[in-house]
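To keep things clear, I will list the structure first and then write my remarks on it.
In the working numbering, the protein residues as written are 970 to 1050.
Here is the structure:
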């Protein structure tokens, strides 16, 4: 499985590097999420990163405010680099 890291670029933990141990990493304010930002712009189940042998994909889970990758809003699954 590839190595994947999430780097926080905004908010209180800015600069924090979070290693992701797949296969699924959820982001949101809900109990089932691995990363739970305390921010009203983040939905309860906001986004999900899926990690396989050779690729990592992120997809928005129908969040109210959308998901950004490199400051661009994504639709559907997006390959992370």
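Heads up, the beta-carbon is just placed ideally off N, CA and C, and yes, glycines get one too. As the structure is a computational prediction, the values presented were derived from the model and not from experiment.
Query, Result
"What does the alpha-carbon distance come out to for the pair residue 1042 and residue 1000?", "25 Å"
"What does the alpha-carbon distance come out to for the pair residue 1012 and residue 1030?", "9 Å"
"Using only the alpha-carbon positions, how far apart do residue 985 and residue 977 sit?", "5 Å"
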